[in-house]
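Shown next, in structure tokens, is the structure this report addresses.
Chains as they are written, first to last, in our numbering: chain A, 1 to 232; chain B, 233 to 464.
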């Protein structure tokens, strides 16, 4: 009797709430998970340290950080020190326009790097924790973008041409942030270790869109965010 | 009377024969050209130095080198010192299989970086010198891949969502390498400054697929490659 190897998946892991849940879900689904974090010159690089620890803790088979210098282009509050991160917007007001925290082509770049990694290690899947519900106005978090990328991946790769295209899985795409947390809690995700704040501080700023969305989600669950619980 | 600014184009420039011709053609077509070279950990990094000089000489408005460490993934003879560059294949034998010089997801990564740059500087076009005729077996040089990427670019960008998608132009896609050289000679491309060899030597190796394709093209034109002409 031959034993097939498990399906191999590259999971994009920022160390935030969504991608960490995505990684935990892939492990729970029996995937051999290879975490990939992208150091793109973001302010909040502390998330990369957390990503490494989370990948290990959650049972990834490997974890890698790849560097690409998107800050060389500027144009986003997340990579350009000259552009301020917007503060104090209500979650209700987000999503109507594309904010300055949008990093040009970030998900296109990240998916292409995940693809490079997937091709080399022979992974069948790429998992990415984008969600279109609480998507905060980023066009590259929408399902139609993901589908178009999946088609490009099929046509532009050796494995795709050979009839075994790499699939792009977005298990969180229709979930609200509250759904994601509920799902992750069931999987034992240590949310106290995840990081969502766009700023590079030692504590979350509680004012940027990402902090606001995260806090609104925990509030809607009538729970406290474990990241904010400090030993007395 | 208002004067419209010229169409702004990001041109991917490796410093090789195709991309240099592509850049010269974009300048000749009246584009405001912003050259972009990608340092992806290739053996033949001398091409980046040449790219910078060529961009200046051919009239680009700017030129930028962005670093992304694809060598961290390995898997290609162009980035992994442990994989030898194949030597002595005839141009006729190429294109039947995907060679080890294929860099996983290279064009996907490069197009995504060109896209990031294009979004930030407000460019309407990305020009890339891929060609499907002498394509040497790379799936990400085919028109159907480029079309799929263009669709992803339309759906995944702020400008695309707003109805002004960035176009991906592939002016060389149906040209043979001999056609490209003929076209470039008419545009005054200094081919003696371009570099095609996959190896990182001081002189072309004359044995890798890229050298062989280049030499076959000059021979078919009954011309000598000016790169090989040395002062006596």
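For each residue, glycine too, the CB sits at the ideal point set by N, CA and C.
Using the Cβ count rule (16 or more neighbours within 10 Å means buried), how would you classify residue 451/B?
Exposed is the call here.
Could you tell me the distance, in whole angstroms, from the CA atom of residue 437/B to the CA atom of residue 314/B?
Approximately 18 Å between the Cα atoms of the pair.
Residue 232/A CB to nearest chain B CB: under 8 Å?
Since pLDDT at residue 232/A reaches only 43, below the 50 mark, its modelled position is unreliable, and the value read off the structure follows with that caveat. False, the Cβ-Cβ gap to chain B never drops below 8 Å.
Taking the DSSP output, what are the residues bridged to residue 37/A?
Note: residue 37/A sits in a beta bridge opposite 65/A.
Assign residue 421/B to one of three DSSP states: helix, strand, or coil.
Reduced to three states, the DSSP call for residue 421/B is coil.
Name the chain B residues that come within less than 9 Å of residue 66/A, Cβ to Cβ?
The answer, in chain order, is 300, 301, 302, 304, 305.
Buried or exposed for residue 463/B, going by 16 or more other Cβ atoms inside 10 Å?
At residue 463/B, the pLDDT of 46 sits below 50, so the modelled position is not reliable; the number obtained from the coordinates is stated separately. Under this definition residue 463/B is an exposed residue.
Residue 288/B lies in the alpha helix (DSSP H); which residues open and close that run?
First-last of the alpha helix (DSSP H) with residue 288/B: 278 to 289.
N- and C-terminal bounds of the beta strand (DSSP E) containing residue 167/A:
Boundaries of the beta strand (DSSP E) harbouring residue 167/A: 167 to 169, taken from the DSSP string.
How many angstroms separate the CA atom of residue 380/B from the CA atom of residue 223/A?
Looking at the two C-alpha atoms, the distance is approximately 43 Å.
Could you give the distance in angstroms between the alpha-carbon of residue 260/B and the alpha-carbon of residue 419/B?
The C-alpha of residue 260/B lies about 7 Å from the C-alpha of residue 419/B.
Around the C-beta of residue 84/A, are 16 or more other C-beta atoms found within 10 angstroms, so that it is buried, or is it exposed?
With fewer than 16 other Cβ atoms inside 10 Å of its own Cβ, residue 84/A counts as exposed.
Please name the residue, chosen from 393/B, 341/B, 293/B, that lies closest to residue 353/B on a Cα-to-Cα basis.
Closest by C-alpha distance to residue 353/B, out of 393/B, 341/B, 293/B, is 293/B.
CB contact below 8 Å: residue 340/B versus chain A:
Cβ-Cβ to chain A under 8 Å: yes for residue 340/B.
Indicate whether at least one CB of chain A lies closer than 8 Å to the CB of residue 344/B.
It does; some Cβ of chain A falls within 8 Å.
Could you check the C-alpha separation between residue 357/B and residue 338/B for me, to the nearest Å?
If I take the Cα positions, the gap works out to 19 Å.
Measure the CB-CB distance between residue 362/B and residue 407/B and report whether it falls below 8 Å.
By the CB criterion at 8 Å, residue 362/B and residue 407/B fall outside the cutoff.
On a CA-only basis, which of 256/B, 236/B, 428/B is nearest residue 243/B? Give me that one, please.
Checking every option, the nearest Cα to that of residue 243/B belongs to 256/B.
Excluding sequence positions up to five away, which residues of its chain have a Cβ less than 6 Å from the Cβ of residue 158/A?
Closer than 6 Å at Cβ, skipping near neighbours: no residue.
Residue 53/A vs residue 14/A beta-carbon contact at 8 Å:
Not a contact, by the Cβ cut-off of 8 Å.
In angstroms with no decimal places, state the Cα-to-Cα distance between residue 103/A and residue 429/B.
Rounded to whole angstroms, residue 103/A to residue 429/B spans 35 Å at the Cα level.
Which residues DSSP lists as bridging residue 126/A, in chain order:
In the DSSP assignment, residue 126/A forms a beta bridge with 10/A, 168/A.
Using three-state DSSP, classify residue 439/B as helix, strand or coil.
Looking at residue 439/B - three-state DSSP - the assignment turns out to be coil, as it is neither helix nor strand.
Distance check for residue 160/A and residue 118/A, CA to CA, integer angstroms please.
If I take the Cα positions, the gap works out to 12 Å.
Which residue from 70/A, 226/A, 191/A puts its Cα closest to that of residue 40/A?
Checking every option, the nearest Cα to that of residue 40/A belongs to 70/A.
Just the chain B side, please: which residues come within less than 7 Å of residue 61/A by C-beta, in chain order?
Contact note: residue 61/A does not reach chain B at a C-beta cutoff of 7 Å; the least C-beta distance is about 15 Å.
Ignoring anything shorter than 3 residues, give me the beta strand (DSSP E) runs that lie fully in the region 135 to 162 of chain A, in order along the chain.
Runs of the beta strand (DSSP E) inside the region 135 to 162 of chain A: none found.
Please report the straight-line C-alpha distance between residue 111/A and residue 415/B, rounded to a whole angstrom.
Each residue's alpha carbon lies about 35 Å from the other.
Using DSSP with H/G/I as helix, E/B as strand and the rest coil, what is residue 431/B?
In the structure shown, residue 431/B sits in coil (DSSP, three-state: anything other than H, G, I, E or B).
Compare the C-alpha of residue 237/B against each of 403/B, 388/B, 262/B, 360/B and name the closest.
It is 262/B whose Cα lies nearest to the Cα of residue 237/B.
Distance, residue 156/A Cα to residue 181/B Cα:
An answer regarding residue 181/B cannot be provided, because it is not within the stretch 233 to 464 covered by chain B.
Limits of the alpha helix (DSSP H) - the one that residue 17/A falls within:
Counting along the chain, the alpha helix (DSSP H) containing residue 17/A begins and ends at 17 to 28.
Would you say residue 221/A and residue 181/A are within 8 Å of each other, going by their C-beta atoms?
Contact annotation: residue 221/A and residue 181/A have beta-carbon atoms nearer than 8 Å.
Alpha helix (DSSP H) segment containing residue 117/A, residue limits
For residue 117/A, the uninterrupted alpha helix (DSSP H) run begins and ends at 106 to 121, by DSSP.
For a contact defined as C-beta to C-beta under 9 Å, what are the partners of residue 164/A on chain B?
Within 9 Å Cβ-Cβ: nothing; residue 164/A doesn't reach chain B, min ~13 Å.
Determine the burial state of residue 35/A: buried for a count of at least 16 other Cβ atoms within 10 Å of its Cβ, exposed for fewer.
Buried.
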